[in-house]
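K.L.:
Please read through the structure below; I'll follow up with questions.
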Amino acid sequence: MIYLILLFISFLYFLLLYKNIGEKITLSKKTIGMNLIFIGLFIISTILFFKDSGVLNKQEYDEILTKHLKIRNNILTIKKNIPVLKTKLSKDPDYYQGWVMLAKSYIITDKLLLSADAYEKAILIKPNDNLILEEYISVLRRIDPKSNRIKIIKTFDKLILLNSSDITIYNMKLNYSIEINDASLTKEILNNVIDNKLIKDKDPYIQALKQLNASSNKFSFEIMLSDKMFVYLKSMPHTFFILRDKMSGPPFAVKKIISSDLSRKIIISSENKMIKGMNLPGNVTLVIKGSKDDFVNDNMDELYRSEVLNLLSSTYYEVN
Numbered sequence: 404m405i406y407l408i409l410l411f412i413s414f415l416y417f418l419l420l421y422k423n424i425g426e427k428i429t430l431s432k433k434t435i436g437m438n439l440i441f442i443g444l445f446i447i448s449t450i451l452f453f454k455d456s457g458v459l460n461k462q463e464y465d466e467i468l469t470k471h472l473k474i475r476n477n478i479l480t481i482k483k484n485i486p487v488l489k490t491k492l493s494k495d496p497d498y499y500q501g502w503v504m505l506a507k508s509y510i511i512t513d514k515l516l517l518s519a520d521a522y523e524k525a526i527l528i529k530p531n532d533n534l535i536l537e538e539y540i541s542v543l544r545r546i547d548p549k550s551n552r553i554k555i556i557k558t559f560d561k562l563i564l565l566n567s568s569d570i571t572i573y574n575m576k577l578n579y580s581i582e583i584n585d586a587s588l589t590k591e592i593l594n595n596v597i598d599n600k601l602i603k604d605k606d607p608y609i610q611a612l613k614q615l616n617a618s619s620n621k622f623s624f625e626i627m628l629s630d631k632m633f634v635y636l637k638s639m640p641h642t643f644f645i646l647r648d649k650m651s652g653p654p655f656a657v658k659k660i661i662s663s664d665l666s667r668k669i670i671i672s673s674e675n676k677m678i679k680g681m682n683l684p685g686n687v688t689l690v691i692k693g694s695k696d697d698f699v700n701d702n703m704d705e706l707y708r709s710e711v712l713n714l715l716s717s718t719y720y721e722v723n
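Structure below.
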């Protein structure tokens, strides 16, 4: 707006300067110098006006609008082609590229759950395509990185098996463990890198593991009960979830739950340690016991005993 005002003032000045109620005036040398200054200001103001007004960027704006229009048209085309592709896949379920195209189409149309399903079918046909495995992980993380934890980790492990010397895959898995704030998974990945003889530059990972071990003496261990086990334990007045150091060691952590509070997901954490300052043992055994009493005694019934679990690398266990 200010440039329009300057243009108007400049125009008015020249109009009054050269015309005085229709009569031409003679300019002195001093007046000519002032005129040159105003002419310069007029030119600069005009340039700035066109620059800031966006007139010079009109072509760029038109190009952006054209690109957006093409994207919208492409999305509409993809939506129309999805039913055709699905029909073709129903007739030829082993059409690998078809499942990949369907998965990518669902990403563009923001149907991530359907995209993940299509990727899974493609991977069943061809399980060694690195790029597709990475895209599948990306979709699972966008859906929910925590609830898809098992699928994501298994897919990362497939990638590592395909090329165990590729440190990039380990770094991707590390980024994921940090994303979901899983210190145990981070330790496991760092240990795997350090133990991998095909990887040469291990110093950063050794240092990271040392810092992680030094800063953390906390843990969180998730136990998921099957439907059958849940119903069975629900009949017990009190259920004790015990983590023992190795097979026959003393209890490292104990969590007591009464029948009314029992759920399918049980979490034993550092808050349940018997001795608060005790370091995390490497190997533990999960023992589940039931009792009529609300305290530990020799009369408790042992209801379940797991195999040896690595508490430093495992944060999840299913009881069937």
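Numbering (the numbering used here), first residue to last: 404 to 723. A virtual CB, placed ideally from N, CA and C, is assigned to each residue, including glycine.
Let me check understanding here. Comparing Cα to Cα, which of SER541, ILE535 and SER580 lies closest to LEU565?
P.N.:
By alpha-carbon distance to LEU565, the top candidate from SER541, ILE535 and SER580 is ILE535.
K.L.:
Would you identify the three-state DSSP class for SER568, choosing helix, strand or coil?
P.N.:
coil
K.L.:
Hey, how far is the Cα of PHE612 from the Cα of LEU593?
P.N.:
The sequence given here has Leu at residue 612, not Phe. When rounded, the distance between both Cα atoms is 6 Å.
K.L.:
Taking C-alpha atoms, which residue in MET504, LEU706, PHE622 and ILE553 lies nearest to GLY693?
P.N.:
LEU706
K.L.:
Helix or strand or just coil, what does DSSP make of VAL487?
P.N.:
helix
K.L.:
Report yes or no: do three or more beta-carbon pairs, one from the region 633-651 and one from the region 586-606, lie closer than 8 Å?
P.N.:
At 8 Å Cβ cutoff, the stretches do not touch.
K.L.:
Could you name the residues of the same chain whose beta carbon sits closer than 7 Å to that of SER568, not counting the 5 residues immediately before and after it, in chain order?
P.N.:
Hits under 7 Å: LEU601 and ILE602.
K.L.:
Look at ILE510 and VAL487 and say whether their C-beta atoms are less than 8 Å apart.
P.N.:
no
K.L.:
Beta carbon of ILE485, beta carbon of SER508: below 8 Å?
P.N.:
yes
K.L.:
Reducing DSSP to helix, strand and coil, say where LEU430 ends up.
P.N.:
Reliability of the predicted coordinates at LEU430 is poor, the pLDDT of 47 falling under 50, and no value is obtained from them.
K.L.:
Put ASN533 into one of helix, strand or coil per three-state DSSP.
P.N.:
helix
K.L.:
On the DSSP bridge list, what partners appear for ILE678?
P.N.:
In DSSP, ILE678 forms no bridge with anything.
K.L.:
Tell me the DSSP secondary structure of ASP704 in three-state form.
P.N.:
Under the three-state reduction of DSSP output, ASP704 falls in the strand class.
K.L.:
Short of 7 Å in beta carbon distance, which residues of its chain neighbour ASN574, apart from the five on each side in sequence? Order them along the chain.
P.N.:
none
K.L.:
By how many angstroms is the C-alpha of GLU625 removed from the C-alpha of ASP547?
P.N.:
18 Å
K.L.:
What are the complete alpha helix (DSSP H) segments, minimum 4 residues, inside the region 586-615?
P.N.:
Fully contained in the region 586-615 are the following alpha helix (DSSP H) runs of length 4 or more, in chain order: 586-598.
K.L.:
For TYR719, name the three-state secondary structure that DSSP assigns.
P.N.:
If DSSP states are grouped into helix, strand and coil, TYR719 belongs with the strands.
K.L.:
Where ILE528 and TYR499 are concerned, what is the direct C-alpha to C-alpha distance, given to the nearest angstrom?
P.N.:
6 Å
K.L.:
Determine the direct distance from the alpha carbon of ASN477 to that of LEU459, and round the result to whole angstroms.
P.N.:
Because LEU459 carries a pLDDT of 47, less than 50, the predicted location of this residue cannot be relied on, and the following value inherits that uncertainty. One C-alpha to the other measures close to 29 Å.
K.L.:
If I follow the unbroken alpha helix (DSSP H) through ASP520, where does it start and stop?
P.N.:
515-528
K.L.:
For ARG708, which residues from the same chain have a beta carbon less than 7 Å from its beta carbon, with the 5 sequence-adjacent residues on both sides left out?
P.N.:
THR688 and VAL690
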